[in-house]
Structure formats: C-alpha cells, structure tokens
Amino acid sequence: MQKATEKQAETSRVRRSTWSRMLDIIFRTCHIGVAGILLGGAVFQASMPHLHHYAWLVVASGLALIGTELHHSLYWPHEGRGLLAMAHMLPVALVHFWPDYCVELLWFSIVAGTVGSHMPRRLRHWSLIYGKLKS
Numbered sequence: 132m133q134k135a136t137e138k139q140a141e142t143s144r145v146r147r148s149t150w151s152r153m154l155d156i157i158f159r160t161c162h163i164g165v166a167g168i169l170l171g172g173a174v175f176q177a178s179m180p181h182l183h184h185y186a187w188l189v190v191a192s193g194l195a196l197i198g199t200e201l202h203h204s205l206y207w208p209h210e211g212r213g214l215l216a217m218a219h220m221l222p223v224a225l226v227h228f229w230p231d232y233c234v235e236l237l238w239f240s241i242v243a244g245t246v247g248s249h250m251p252r253r254l255r256h257w258s259l260i261y262g263k264l265k266s
C-alpha cells in the first residue's frame, strides 16, 4: 500500500508548462513587491487608507499563487511548502486582532514565506499524509 501511494504522489508532480511557470513568476513578483510596500508602510507608520489597496493586492496575489500551486499539484496543501504557506498567512490575519504588532507580524510572515520557498526539496515535498516522497 505504501508503494502505491508513493507512486501516486510521484506521478502527481509533473513538470510545469512554460505558461504556468511564467504565471507563477509574475504572481510571485507582484506578491513580493506589494508585500514589501505593505511592510514598508507599516514600518514608517503610513495610515491604513494609504495601505488598504496594497493589503488587498497582497491577498489577491497570494490567492493567485495558491491557484498556480494547486494547478501544479493537489498535494501542495499537505506538503511542507503548502503548510509553510499557510503559516505564512496566519500572521497577516492576526494583524487585524493585534494591530500594535503589525510590523512584527508582517516580518514573521515574510520569514515564513521565504523559508517555505527556499527550504530543501525533500522538506518542501514532504507530505503530512504520505511522509517522505521521492523527488
């Protein structure tokens, strides 16, 4: 049974098409850019009306990234990369409850997102359900 699930998980990870990879790069670039504006605005204490649109752009570009990840692999939510992406979203949601810690929470979110994007492949593709997957 274990071999069957490993084989199934292996076949789910196929190479991305060129258009899918390009879309991912565009969304990721937008996401990093607007997140940087949002963090900079929080550090320099810009008023919320000035940052409101950037906050929504962070959410929209993040949802677009989730879409590209799910298009690539339905295993993404329970793999290390998906789990860290969810951990990356939590501090942003907590800003609404603890606005005094906005800068710290946004920094934590950026750290979680960066670690999730750059951790070794064996950890990125480790599955909460299947365990270690062959890369």
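My numbering applies: residue 132 is where the sequence shown begins, and numbers increase by one. For glycine and all other residues, C-beta sits at the position ideal for the given N, C-alpha and C.
Inset, instruction - Taking only the alpha-carbon atoms, compute the straight-line gap between R212 and L254 and give it to the nearest angstrom. - result: In the sequence shown, the residue the question calls residue 212 occupies position 81. In the sequence shown, the residue the question calls residue 254 occupies position 123. Just so you know, the alpha carbons of R212 and L254 end up roughly 8 Å apart.
Legend entry - Minimum C-alpha distance to G171 - residue among S248, E235, G247, G262: As a first step, residue 171 is located in the sequence shown; it is residue number 40 there, counting from the start. Here the closest residue by C-alpha is E235.
Inset, instruction - Please state whether DSSP places S258 in a helix, a strand or coil. - result: Reading the sequence shown from its first residue, position 127 is the one you call residue 258. Of the three classes helix, strand and coil, the one that applies to S258 here is strand, per DSSP.
Inset, instruction - Could you pull out every residue in the same chain whose Cβ sits closer than 8 Å to the Cβ of T142, ignoring the five residues on either side in sequence? - result: Residue 142 sits at position 11 when you count from the first residue of the sequence shown. Residue confidence is low: T142 scores 48 on pLDDT, short of 50, so the model does not pin down where it sits. Its coordinate-derived value is still stated next. No residues qualify anywhere along the chain.
Legend entry - Neighbourhood of W207 by C-beta, 7 Å cutoff - its chain only, sequence neighbours within 5 removed: What you label residue 207 is simply residue 76 of the sequence shown in a count that begins at 1. Closer than 7 Å at the Cβ level, and outside the excluded window around W207, lie E200, L201, G213.
Inset, instruction - Taking the CB atoms as reference points, tell me whether H219 and A195 lie closer together than 8 Å. - result: Counted from its first residue, the sequence shown places residue 219 at position 88. Counted from its first residue, the sequence shown places residue 195 at position 64. Their beta carbons are not under 8 Å apart, which means H219 does not touch A195 by this criterion.
Legend entry - L201, enclosing alpha helix (DSSP H) - first and last residue: As a position in the sequence shown, residue 201 is number 70, starting the count at 1. Residues 179–203.
Legend entry - Top-ranked residue by Cα proximity to Q81, from F239, R252, C233, V226: Lying before the first or after the last residue shown, residue 81 is absent from the chain, which here runs from 132 to 266.
Inset, instruction - Answer yes or no: do L169 and L225 have a C-beta to C-beta separation smaller than 8 Å? - result: As a working note, residue 169 is residue 38 in the sequence shown. As a working note, residue 225 is residue 94 in the sequence shown. Not closer than 8 Å, so no.
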